[in-house]
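Engineer: Okay, here's the structure, questions in a sec.
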Amino acid sequence: MADRVKINTESLLNIELPFIKVPYEQLRRLNKLCQKHIERDGAYLHTALDKVAQDHLKQTRLADLDAIIARAAGLQVKLTDLHAQEASYVASSRARLDYLQHVADMATADDPRWREYTQGRLVRMTIDYLLRKNCVAAARLLAQETGLEALVDLALFDEMQRIEAGLARGSCAEGLQWCSENRSALKKIKSRLEFFLRLQEYIELIKQRKYMDAHAYARKWLVLWRDEHMQEIEHAMGLLACPVATTTCRLYQAMLAPEQWQVLRDEFRANCYALHSMAEQAPLVLTLQAGLTALKTPHCGHPGDIHVNCPVCRTQTLGTLAQ
Numbered sequence: 053m054a055d056r057v058k059i060n061t062e063s064l065l066n067i068e069l070p071f072i073k074v075p076y077e078q079l080r081r082l083n084k085l086c087q088k089h090i091e092r093d094g095a096y097l098h099t100a101l102d103k104v105a106q107d108h109l110k111q112t113r114l115a116d117l118d119a120i121i122a123r124a125a126g127l128q129v130k131l132t133d134l135h136a137q138e139a140s141y142v143a144s145s146r147a148r149l150d151y152l153q154h155v156a157d158m159a160t161a162d163d164p165r166w167r168e169y170t171q172g173r174l175v176r177m178t179i180d181y182l183l184r185k186n187c188v189a190a191a192r193l194l195a196q197e198t199g200l201e202a203l204v205d206l207a208l209f210d211e212m213q214r215i216e217a218g219l220a221r222g223s224c225a226e227g228l229q230w231c232s233e234n235r236s237a238l239k240k241i242k243s244r245l246e247f248f249l250r251l252q253e254y255i256e257l258i259k260q261r262k263y264m265d266a267h268a269y270a271r272k273w274l275v276l277w278r279d280e281h282m283q284e285i286e287h288a289m290g291l292l293a294c295p296v297a298t299t300t301c302r303l304y305q306a307m308l309a310p311e312q313w314q315v316l317r318d319e320f321r322a323n324c325y326a327l328h329s330m331a332e333q334a335p336l337v338l339t340l341q342a343g344l345t346a347l348k349t350p351h352c353g354h355p356g357d358i359h360v361n362c363p364v365c366r367t368q369t370l371g372t373l374a375q
């Protein structure tokens, strides 16, 4: 029978879309960052060189040239670092494309490479699950032992963990930088993350009773979102007249609650998954659910019909997931 089981390559490659999308998105963002550095520092160097050419004082010219050399050296360091990251992402993309090419070349499930692919995919899903649960060290060790480092998203989850750590300690800086680097892509998925981060920074100023600073911050940043989030902005402005420590208003209590930082972490993670075409739920869990659904019968779950060898019936193992 095995030789009659044909592989639906098109469906399989659709399932593997995030597998390719992650390094592609990382490369896209890296190129944007390189472009930003080159444009910004290039404009500075061009202006500075024009100034040197017009300056007739030797001492001033030497000082300006030193500043130009330092700026150019700084740009070189930044671009060298980005180039190293780019090489890593390109290598990962190439390894993943080669990996999927083997899948595309297979016609039936009796191909020896099919078993190798399915076993490798199980390991990849396990590593992904560990990464989503913040077991990064265990995931990295498993990737190293199986030789799958180029086929899993360790770098992406390292970055996610860094940004979430910033939010956990009450800092929006890392998250806002990430939003800046991915602004065009986030706009396409109609992300609200940047607004929520700006709103949280405003709320933190209110908590510190820096009302003038909070008002200035709102005029500078929150007003940019007035077309999409006018109601939230109006509610936020009410905090300027609200006694933070003693308010009984449930709306303001919710806005001031420390739990908002966890809401931001969840929002960031959801946006990051969407940006890379990744499911919010781990593929390992989704696959198990699909498999358990296929095993279900009308008798599963009924106390009188429980079978000791049925994984759907065993609530202490996979039964809860099957429900």
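Residue 53 is where the sequence shown starts when you use the numbering used here, and the numbers rise one by one after that. Just so it is clear, CB atoms sit at the ideal spot from N, CA and C, and this is done for glycine as well.
Taking the Cβ atom as the reference point for each residue, do L238 and N186 lie within a distance shorter than 8 angstroms?
Structural biologist: Residue 238 sits at position 186 when you count from the first residue of the sequence shown. Residue 186 sits at position 134 when you count from the first residue of the sequence shown. No, the pair does not count as a contact, with Cβ atoms beyond the cut-off.
Engineer: If we ignore side chains and look at the alpha-carbon of each, how far apart do L127 and R244 end up?
Structural biologist: What you label residue 127 is simply residue 75 of the sequence shown in a count that begins at 1. What you label residue 244 is simply residue 192 of the sequence shown in a count that begins at 1. If you take the alpha carbons of L127 and R244, they lie about 32 angstroms apart.
Engineer: Counting only the same chain and skipping the five closest in sequence on each side, list residues whose C-beta sits under 8 angstroms from that of V275.
Structural biologist: For the purposes of this step, residue 275 is identified with residue 223 of the sequence shown, where counting begins at 1. Only I285 meet the Cβ criterion.
Engineer: Which of the three DSSP states is assigned to T300 in this structure?
Structural biologist: Along the sequence shown, read from residue 1 onward, the residue named residue 300 stands at position 248. In the structure shown, T300 sits in coil (DSSP, three-state: anything other than H, G, I, E or B).
Engineer: Do the CB positions of L344 and M177 come within less than 8 angstroms of each other?
Structural biologist: Reading the sequence shown from its first residue, position 292 is the one you call residue 344. Reading the sequence shown from its first residue, position 125 is the one you call residue 177. Not a contact, by the Cβ cut-off of 8 angstroms.
Engineer: How close, in whole Å, do the beta carbons of A266 and L249 come, if the pair is a contact with beta carbons under 8 angstroms?
Structural biologist: Indexing the sequence shown from 1 puts residue 266 at position 214. Indexing the sequence shown from 1 puts residue 249 at position 197. Actually they do not touch by this definition, with Cβ atoms about 15 angstroms apart.
Engineer: When the Cα atoms are used, what is the spatial distance from S63 to A161?
Structural biologist: For the purposes of this step, residue 63 is taken as residue 11 along the sequence shown, with counting starting at 1. For the purposes of this step, residue 161 is taken as residue 109 along the sequence shown, with counting starting at 1. S63 and A161: Cα-Cα distance of roughly 15 angstroms.
Engineer: Restricting to Cα atoms, I'd like to know which of L327, P164 and L303 is closest to I241.
Structural biologist: Counted from its first residue, the sequence shown places residue 241 at position 189. Nearest C-alpha to I241: L327.
Engineer: Check the DSSP bridge columns for T160 and list the partner residues they point to.
Structural biologist: For the purposes of this step, residue 160 is taken as the residue at position 108 of the sequence shown. Answer is K58, bridged to T160.
Engineer: With 16 other CB atoms within 10 Å as the buried threshold, where does K58 fall?
Structural biologist: Along the sequence shown, read from residue 1 onward, the residue named residue 58 stands at position 6. K58 should be labelled exposed.
Engineer: So, with DSSP's three-state summary, where would you put L200?
Structural biologist: Residue mapping note: residue 200 aligns to position 148 of the sequence shown, counting from 1. In this structure, L200 counts as coil in the three-state DSSP scheme.
Engineer: If we count the other Cβ atoms within 10 Å of its Cβ and call it buried at 16 or more, is R184 buried or exposed?
Structural biologist: Working through the sequence shown from its first residue, we reach residue 184 at position 132. With 16 or more other Cβ atoms within 10 Å, it is buried.
Engineer: Do L131 and H89 have their C-beta atoms closer together than 8 angstroms?
Structural biologist: Numbered from 1 along the sequence shown, position 79 holds the residue referred to as residue 131. Numbered from 1 along the sequence shown, position 37 holds the residue referred to as residue 89. Yes. Within cutoff.
Engineer: By Cβ distance below 6 angstroms, which residues in the same chain neighbour W277 in space, the five residues on each side in sequence not counted?
Structural biologist: By one-based count along the sequence shown, residue 277 stands at place 225. Around W277: F247.
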